[in-house]
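The structure under discussion appears below in the form of structure tokens.
Residue numbers (UniProt numbering): 1 to 930.
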């Protein structure tokens with residue numbers, strides 16, 4: 001119910017505003033936020049607080065409001081104060097109102113207080129009926145009464161206080177909307193260079209309501225205040241009639257991520273004992289949602305309530321007879337449900353299963369509609385039962401309706417999409433999706449799954465790498481079987497870099513659907529894999545460079561509640577555009593994983609040019625070089641299995657104890673420009689840095705290069721040093737800076753980083769930029785040159801590669817060389833420099849910057865040789881902030897010389913950098929098989 005704030009008053013002295021009672025929330029206070037809606041009853045009863053010329057405790061608040069209006073701040077509509085007409089409050093403009101409230105005004109006050117409960121649910125009486133509640137007013141008060149009835153009520157206060165922002169600070173108009181009104185401030189101190197910068201140093205916001213201000217503090221540290229609009233969580237409405245948003249959400253900017261959930265999906269549960277099915281339980285959803293709430297992530301998403309999918313929508317994939325059968329389960333008793341469940345493989349039914357399964361499908365459809373209609377950029381649907389095993393006329397593996405397959409058909413029919421990518425990272429093969437689309441070239445289906453040469457459920461021959469689709473769909477089914485357990489972060493990343501992403505870029509999808517099963521994460525009893533939660537955040541980031549960032553993830557499996565919950569949080573962080581913690585563990589794929597990658601590349605090469613131009617080794621036989629051609633497996637129930645399970649639990653407990661949603665820097669992206677940026681079109685939450693490093697420090701670094709002593713270059717150097725130290729100190733995640741002397745600036749930035757906190761720095765130098773000759777070759781710096789026609793591995797830490805001339809050559813260079821080296825090096829900071837004659841098109845440069853966000857956990861500084869007419873700095877700032885890079889356009893094949901250079905470099909470096917490897921057998925082992 002709509003209630004006024006708990007406000008009490010003590011009588012004050014004559015001619016002054018009464019003061020608040022003890023414990024009450026004071027409204028008459030100099031700290032009233034601009035634009036806040038004051039209580040109309042309070043304003044009528046206390047016109048002194050709004051009238052000039054009076055003394056009393058409200059003078060400061062009155063003068064503050066009037067001063068802000070004089071300064072041009074918008075406090076409401078013309079002729080209003082904070083959105084309420086000044087005539088009702090007792091003022092017009094700044095003139096004082098003469099006599100105290102008259103009896104008609106007191107009558108209006110009484111009417112107002114009496115009517116508020118009747119204007120709220122469940123009464124909702126029309127305002128004219130309220131005239132019957134009071135005696136007829138006199139003629140002189142009737143105009144005032146009519147005026148009162150025409151006035152809108154103040155906006156109701158939120159039923160609960162806005163959620164805490166936690167360690168993260170967000171500028172208004174960024175990735176989330178904000179309710180107008182109250183603001184919240186957070187302060188952090190950033191000792192850059194040991195002293196505060198020049199006057200006016202700090203981070204200055206561009207656009208939006210969030211405007212960081214530079215405020216000097218006592219001592220030697222500079223401090224910044226970032227004012228953040230408080231945002232109430234958006235709760236889903238109930239019932240199937242909840243409409244899909246028709247446009248960007250209002251309230252400060254488009255929210256980038258949707259979260260779809262309904263508590264009814266927790267109703268279905270197992271009603272009898274079944275060890276195989278008991279792991280699929282309602283707590284899977286509630287645990288994940290609770291972790292999102294604890295991390296402050298749920299509140300930053302646009303929360304959508306799913307509707308039940310119609311039977312016509314279910315018919316996009318499933319037969320009418322199967323839908324009718326499932327509808328009938330609502331009336332079955334427990335014994336009948338158990339008997340029906342026994343007719344399917346690893347399935348149980350509940351009286352609410354049909355309702356839950358329709359909600360799960362509806363959630364996927366709501367999410368797809370919201371993304372494709374532009375209401376959000378991406379999103380996650382937390383649903384159960386899962387769907388990827390379900391087939392046209394059969395439930396299978398806990399799955400009732402095929403949520404993702406129906407969503408894909410819906411996107412094709414309703415939105416007219418021509419190319420859809422489905423990525424299934426669940427540990428089980430999603431054979432249901434494969435069967436539905438195996439002859440459809442408009443849907444590219446990728447699945448990795450625990451296979452163990454066919455000895456793991458669902459025990460299908462068509463789960464192997466050589467199952468590539470049927471008819472016109474040949475090449476559009478990509479299966480990557482894991483033949484051993486224990487696959488980890490490096491294995492999953494290698495599968496993306498060497499198989500999925502090359503094919504996906506060539507396919508050029510319009511939408512990415514993710515069958516997001518987290519039984520492939522560490523600790524899960526089904527998968528027995530070792531991938532940590534942050535790995536799924538990195539995989540999500542890699543997918544966001546496709547399809548304009550339109551990524552819809554739908555929950556599938558995942559049965560270890562803590563591992564599932566943390567993995568879900570990492571995916572949502574990536575969808576929101578937050579930096580994801582760096583990958584843990586050794587960056588060296590298992591040999592069995594490389595064999596699987598080698599097999600699938602060989603099977604898919606006839607269908608995809610991108611795999612042909614990267615080269616492939618011969619297709620290996622199943623297994624490794626063991627005597628029987630099989631891997632040594634860990635079998636359930638044996639001593640090896642129990643030891644591995646105990647070890648995995650210990651590792652998971654230790655890992656998750658440290659992981660708990662690493663705090664992100666207060667500023668996600670900042671820019672330091674030497675030219676006006678009015679035409680760059682920066683997002684409101686990208687901050688324009690006005691501060692600079694101290695003059696003495698800047699001069700000391702400028703002495704290294706004569707080019708930096710010039711006025712413009714000296715100014716740029718101070719800004720770059722300030723921004724760089726903000727990144728290294730954890731105040732800023734990433735940044736873009738323009739400079740007139742890129743080569744000299746890179747040298748200084750590199751030396752400053754190594755002398756500050758960075759242990760390892762990755763330098764990606766594009767264009768005519770030389771490596772400093774005195775730079776130590778001690779493993780702390782990995783220097784990648786992308787220029788000219790040369791290909792040379794001058795040392796394991798200095799690699800020169802040709803400047804790609806086509807889209808295919810560029811993608812091969814980035815996916816097969818740059819990213820494997822970057823992730824293998826595990827840098828603390830990435831320096832990307834676009835120097836003279838860099839030659840990259842803007843979409844290529846933007847994609848490179850977006851992909852380099854991952855290796856160092858988002859810590860990226862991009863230096864751009866100053867070009868007065870270029871919009872490149874703005875594009876780079878947007879992709880570092882989390883926006884999708886522009887489309888690369890049609891795929892073009894790499895010329896033979898670029899392909900040969902790639903193969904040469906990979907052969908020279910893969911012994912040192914294991915992430916470059918794409919084959920699991922050495923020459924001796926292969927020759928022994930011939």
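A virtual CB, placed ideally from N, CA and C, is assigned to each residue, including glycine. Predicted model only: the values in this text are computed from it and were never measured.
- Put simply, the backbone Cα of residue 797 is about 13 Å away from that of residue 765.
- In the three-state reduction of the DSSP assignment, residue 445 falls in the strand class, which pools E and B.
- A contact is defined here as three or more CB-CB pairs under 8 Å, and the segment 403-411 meets this definition with respect to the segment 375-389.
- Here the segment 754-768 makes contact with the segment 776-786; the two share three or more CB pairs at distances below 8 Å.
- Along the length of the segment 492-576, whole beta strand (DSSP E) runs at least 3 residues long occupy 511-516 and 551-555, reported in chain order.
- With a threshold of 16 other beta carbon atoms within 10 Å, residue 738 meets it and is buried.
- CA-CA distance, residue 312 to residue 870, rounds to 51 Å.
- Here residue 317 is not near residue 269, since their CB atoms are 8 Å or more apart.
- Note that the C-beta distance between residue 478 and residue 514 is not below 8 Å.
- The segment 824-835 makes no contact with the segment 549-562, as fewer than three CB pairs between them are under 8 Å.
- About 17 Å separates the CB atoms of residue 546 and residue 380; that is not less than 8 Å, and the two are not in contact.
- By the Cβ rule, the segment 842-852 does not count as touching the segment 747-758, because fewer than three pairs are nearer than 8 Å.
- Per DSSP, the beta-bridge partners of residue 303 are 259.
- When secondary structure is reduced to three states using DSSP, residue 685 falls in the coil class, being assigned neither helix nor strand.
- Considering only 466, 812, 856 and 443, the residue with the shortest C-alpha distance to residue 453 is 466.
- Here residue 890 is not near residue 843, since their CB atoms are 8 Å or more apart.
- A direct Cα-Cα distance of roughly 19 Å separates residue 597 from residue 430.
- When the Cα atoms are used, residue 500 and residue 491 turn out to be separated by approximately 13 Å.
- About 12 Å separates the CB atoms of residue 424 and residue 519; that is not less than 8 Å, and the two are not in contact.
- Between residue 838 and residue 767, the C-beta gap is smaller than 8 Å, which places the two residues in contact.
- Taken atom to atom, the span from the alpha-carbon of residue 508 to that of residue 752 is near 40 Å.
- The beta carbon of residue 830 sits closer than 6 Å to the beta carbons of 762, 852, 856 and 860 from its chain, once the five residues preceding and following it are set aside; these are given in chain order.
- Taking the Cα of residue 489 as reference, the smallest distance to any Cα among 567, 714 and 300 is reached at 567.
- The closest CA to that of residue 540, considering only 362, 418, 456 and 497, is found on 497.
- By the neighbour-count definition (other C-beta atoms within 10 Å, threshold 16), residue 698 is a buried residue.
- Residue 594 and residue 549 have their C-alpha atoms spaced approximately 29 Å apart.
- Of the other Cβ atoms in all chains shown, fewer than 16 fall within 10 Å of the Cβ of residue 794; this residue is therefore exposed.
- With respect to the C-alpha of residue 410, the residue from 713, 310 and 589 having the closest C-alpha is 310.
- Fewer than three beta-carbon pairs drawn from the segment 900-911 and the segment 581-593 are found closer than 8 Å, and the two stretches are therefore not classed as touching.
- Only exposed fits residue 334, as fewer than 16 other CB atoms lie within 10 angstroms of its CB.
- Bridge pairing for residue 422: 445 and 513 [DSSP].
- Runs of the alpha helix (DSSP H) lying entirely within the segment 709-759 and spanning at least 4 residues, in chain order: 711-728 and 742-756.
- In this structure, the beta-carbon distance from residue 351 to residue 366 does not fall below 8 Å.
- In the structure shown, residue 668 adopts extended strand secondary structure according to DSSP, grouped into three states.
- In this structure, the CA atom of residue 695 is about 12 Å from the CA atom of residue 709.
- In terms of Cβ geometry, residue 469 and residue 609 do not form a close pair [threshold 8 Å].
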